[in-house]
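When we follow numbering that gives the first Met the number 0, the leftmost residue of the sequence shown carries the number 0, and every step to the right adds one.
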Amino acid sequence: MLENKRLLTIASAMVCLLTAWAEKNELPLIQNVMAYEYLSLNGEWNYIVDVQEEGYYDYRMNPTRWGFFQNAKPQKPEDLIEYDFDKSPTMKIPSDWNTQDERLFFYEGTVWFYKKFRVESLAFRENRALLYFGAVNYDAHVYVNGQHVGHHVGGFTPFNYDVTDLLKESDNNVIVKVDNKRHAEDVPTQIFDWWNYGGITRDVKLVKIPAVYLEDYNISLTPNSSPVNERKKNANSKTREISFSAKLNKAEAGQQVTVFIPELKIEKTFTTDAEGKVNSESIKVKSEKCQLWSPENPKLYQVKISVGTNTISDEIGLRTIETHDKQILLNGKPIFLKGISIHNEKTNGGGRANSIEDARTLLSWAKELGCNFVRLAHYPHHEEMVREAEKMGILVWSEIPVYWTIAWKNPKTYENAKNQLTDMIARDHNRANVIIWSIANETPHSPERDTFLGNLAQYARSLDSTRLISMAMEVTGASNYVNRLNDNMNKYVDVVSFNQYIGWYRDVNDAPKMKWEIPYNKPVIISEFGGGARYGLHGPKNQRWTEEFQENLYIENCAMLDKIDGLAGTTPWILKDFRSPRRVLPGVQDYYNRKGLFSDKGEKKKAFYVLKKWYEGK
Ligand code: GCU
Numbered sequence: 000m001l002e003n004k005r006l007l008t009i010a011s012a013m014v015c016l017l018t019a020w021a022e023k024n025e026l027p028l029i030q031n032v033m034a035y036e037y038l039s040l041n042g043e044w045n046y047i048v049d050v051q052e053e054g055y056y057d058y059r060m061n062p063t064r065w066g067f068f069q070n071a072k073p074q075k076p077e078d079l080i081e082y083d084f085d086k087s088p089t090m091k092i093p094s095d096w097n098t099q100d101e102r103l104f105f106y107e108g109t110v111w112f113y114k115k116f117r118v119e120s121l122a123f124r125e126n127r128a129l130l131y132f133g134a135v136n137y138d139a140h141v142y143v144n145g146q147h148v149g150h151h152v153g154g155f156t157p158f159n160y161d162v163t164d165l166l167k168e169s170d171n172n173v174i175v176k177v178d179n180k181r182h183a184e185d186v187p188t189q190i191f192d193w194w195n196y197g198g199i200t201r202d203v204k205l206v207k208i209p210a211v212y213l214e215d216y217n218i219s220l221t222p223n224s225s226p227v228n229e230r231k232k233n234a235n236s237k238t239r240e241i242s243f244s245a246k247l248n249k250a251e252a253g254q255q256v257t258v259f260i261p262e263l264k265i266e267k268t269f270t271t272d273a274e275g276k277v278n279s280e281s282i283k284v285k286s287e288k289c290q291l292w293s294p295e296n297p298k299l300y301q302v303k304i305s306v307g308t309n310t311i312s313d314e315i316g317l318r319t320i321e322t323h324d325k326q327i328l329l330n331g332k333p334i335f336l337k338g339i340s341i342h343n344e345k346t347n348g349g350g351r352a353n354s355i356e357d358a359r360t361l362l363s364w365a366k367e368l369g370c371n372f373v374r375l376a377h378y379p380h381h382e383e384m385v386r387e388a389e390k391m392g393i394l395v396w397s398e399i400p401v402y403w404t405i406a407w408k409n410p411k412t413y414e415n416a417k418n419q420l421t422d423m424i425a426r427d428h429n430r431a432n433v434i435i436w437s438i439a440n441e442t443p444h445s446p447e448r449d450t451f452l453g454n455l456a457q458y459a460r461s462l463d464s465t466r467l468i469s470m471a472m473e474v475t476g477a478s479n480y481v482n483r484l485n486d487n488m489n490k491y492v493d494v495v496s497f498n499q500y501i502g503w504y505r506d507v508n509d510a511p512k513m514k515w516e517i518p519y520n521k522p523v524i525i526s527e528f529g530g531g532a533r534y535g536l537h538g539p540k541n542q543r544w545t546e547e548f549q550e551n552l553y554i555e556n557c558a559m560l561d562k563i564d565g566l567a568g569t570t571p572w573i574l575k576d577f578r579s580p581r582r583v584l585p586g587v588q589d590y591y592n593r594k595g596l597f598s599d600k601g602e603k604k605k606a607f608y609v610l611k612k613w614y615e616g617k
């Protein structure tokens with residue numbers, strides 16, 4: 000008995016040491032990873048479907064040291080090894096396993112992924128090697144050459160590890176244990192209306208970074224701090240201010256950080272403080288030289304930033320975003336957000352969207368609809384989606400998956416939501432087109448939920464005080480024909496947003512009689528409305544699932560929205576039919592949510608033209 004206890008103590012001490020050591024590998028998310036030279040690890044990865052996590056636990060459910068991550072091979076003929084990555088099937092990464100192997104269409108569990116690679120081309124001697132994942136859904140353990148480098152939770156945000164000291168001149172391997180099982184305490188929680196695509200769903204890169212590099216930086220137009228009604232006086236002010244801040248990966252004082260914006264004839268050098276930071280310096284620029292980013296003119300400036308002899312480049316848009324009473328002001332002028340909601344799903348039969356082509360297709364459909372705005376629901380989309388939208392002049396609402404009935408009382412759940420919010424903002428805070436950070440969708444009212452979301456909203460503002468905070472609320476105060484928005488969260492948001500489904504979850508004939516009471520002096524966005532239709536199914540407008548039913552729902556809703564005081568925009572639900580395990584009506588849904596204006600094959604439904612016409616009049 001004593002012997003067992005001693006062994007257990009040693010084993011648990013080793014696990015603690017390993018965990019501590021593994022956390023040492025994880026680095027804060029690098030800003031603008033695309034600016035660095037890298038070896039792509041995209042391509043064919045071997046995979047093993049591990050339903051009972053044989054590769055991680057022994058038969059007593061204790062973590063084993065002989066797991067699949069060792070990539071062990073028989074040394075002697077009698078050796079017993081019951082797995083072999085090299086002889087296992089391969090899958091193209093990035094992708095979700097659901098659409099790559101029909102046996103895994105509904106699978107929720109663990110799959111191991113294995114990739115061999117060599118690094119001569121990157122000469123890491125004087126540099127560091129950062130292993131970067133665009134996203135892995137949902138729970139990932141990462142190993143390099145058999146060493147555990149980290150454990151990441153959350154299916155839609157990037158993460159990176161310093162693996163320099165683990166690399167060998169010869170063959171290297173990276174092994175990832177991916178588990179997409181759902182749990183009540185997760186973010187999102189156990190039920191959600193989209194497909195639980197599992198896997199290494201976004202790019203994997205081995206990035207070459209200098210020993211001292213720009214861990215983070217921010218370049219943006221300084222908001223005009225004077226009260227809105229006093230701005231007319233200095234609307235033609237001769238100069239504008241660009242705010243610049245930066246943080247090195249090391250607390251080194253005296254490092255020179257130089258910002259070049261050639262087109263604006265800007266070259267300014269700053270010196271880091273003892274923490275390795277440049278704290279929000281202002282760079283003056285002549286107003287007439289400075290083209291502001293907008294949907295009509297999505298102007299991006301080439302920016303170069305050097306630290307010592309290392310220089311990276313980025314493309315930066317300059318704009319201001321704020322609210323005044325019930326208006327949203329872009330560059331000081333009121334704007335109506337002609338939006339649409341979008342899931343991060345490919346347009347040719349489903350699967351996680353993850354390429355520039357996926358982004359361009361989805362965003363071109365939004366443009367065709369007449370949109371200047373997209374709600375990237377219900378989680379951060381891939382980075383190319385945000386960057387392509389920026390180039391196309393499309394504003395963005397970006398959201399974390401604090402969706403429906405979250406475990407509000409669980410501190411780990413709050414930490415998880417906070418981590419995902421941190422990484423969403425860390426990745427995209429230099430994108431001019433991102434104007435709204437959304438912290439939740441349709442969450443039930445309770446004191447615990449108010450505390451959870453109130454803290455999250457304040458935390459979001461502490462990370463980024465320049466953008467608007469919102470969340471998609473639910474209208475709860477409906478009595479007869481009066482819809483009253485009554486949500487305690489109104490004091491934490493800059494924009495009051497809510498979902499309403501008159502015409503789908505309530506009779507469309509009530510629409511003309513509806514009154515909307517929104518007792519907050521803030522802009523209003525209807526973050527969802529809509530209804531389902533099977534493309535090509537036609538019939539009378541009162542027959543559910545026909546295109547005519549959906550078309551009439553949009554006609555009535557657009558007329559009703561025109562009567563809402565303070566309406567600053569809307570993002571109807573949704574651009575395209577998308578896969579959902581909750582939508583099982585045979586011959587109509589077949590595991591698709593059919594509220595799209597496009598079918599899952601990209602065919603336009605009649606309601607598309609109703610919304611397009613309404614936007615033309617906006
Ligand atoms: C909700 C939810 C969406 C869902 C939609 C629907 O409003 O926010 O994620 O897909 O309703 O019922 O289709």
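Note that the Cβ used here is the ideal one computed from N, Cα and C, for glycine as well.
Placement of the Cβ of H444 at a distance of 8 Å or more from every heavy atom of the ligand GCU is found. For D215, there is no enclosing alpha helix (DSSP H); the enclosing beta strand (DSSP E) has its first and last residue at L213 to L220. L467 and V141 have their C-alpha atoms spaced approximately 35 Å apart. Going by beta carbons, S87 and I47 fall inside the 9 Å limit. For D313, the enclosing beta strand (DSSP E) starts and ends at N309 to I315. When DSSP states are grouped into helix, strand and coil, K115 belongs to the strand group. The DSSP-derived three-state label of R578 is strand. Taken through DSSP and simplified to helix, strand or coil, N418 comes out as helix.
Comparing alpha-carbon positions, the option among F577, E555 and Q189 lying closest to W613 turns out to be E555.
The beta carbon of I174 sits closer than 6 Å to the beta carbons of F68, Y113 and Y142 from its chain, once the five residues preceding and following it are set aside; these are given in chain order. In this chain, M559 is not harboured by any beta strand (DSSP E); it is covered by the alpha helix (DSSP H) spanning E546 to L560. Contact between the region 530–539 and the region 287–307 is absent, with fewer than three C-beta pairs closer than 8 Å. In this structure, L213 lies near V256, with their beta-carbon atoms less than 9 Å apart. When C-alpha distances from E546 are compared across R533, V152 and G307, the shortest belongs to R533.
Take T271, set aside five residues on each side of it, and the residues of its chain with a beta-carbon closer than 7 Å to its own are L247, E251, A252, G253, Q254, V256 and V277, in chain order.
Judged by DSSP in its simplified three-state form, R102 adopts helix. Per the Cβ contact rule, the region 185–202 is in contact with the region 572–584 (3 or more Cβ pairs under 8 Å). Residue burial annotation: L584 is exposed, with fewer than 16 other C-beta atoms found within 10 angstroms of its C-beta. Pairing K521 with T322 gives a Cβ-Cβ distance under 9 Å. The criterion of a C-beta distance shorter than 9 Å is satisfied by S397 and P379. For K345 and L362, the gap between their C-alpha atoms comes out near 12 Å. Per DSSP, reduced to three states, the secondary structure at M488 is helical. Taking the C-beta atoms as reference points, L317 is found no nearer than 9 Å to I339. DSSP, read as helix, strand or coil, puts Y519 in coil. Residue state for F335 is assigned as coil, using DSSP reduced to three classes. Y106 places its beta carbon 9 Å or farther from that of D202. Per the C-alpha coordinates, the member of R127, V118, L166 and T109 positioned closest to D138 is T109.
Per the C-alpha coordinates, the member of V211, V587, K176 and K167 positioned closest to V152 is K176.
Between L574 and L596 the beta-carbon gap is near 6 Å, inside 8 Å, which marks them as a contact. The distance from the Cβ of W96 to that of L103 is about 4 Å, consistent with a contact at the 8 Å cut-off. Comparing alpha carbon positions, the residue from N485, D422, K604 and K417 closest to T156 is D422. Nearest C-alpha to A471 among I199, S437, L455 and G453: S437. Between the alpha carbons of E287 and S281 lies a gap of roughly 18 Å.
With 16 or more other Cβ atoms from the protein chains shown falling within 10 Å of its own Cβ, T570 counts as buried. The three-state secondary structure of M60, taken from DSSP, is coil. Taking R117 as the centre and dropping the five residues before and after it, the same chain places no C-beta closer than 6 Å to its C-beta.
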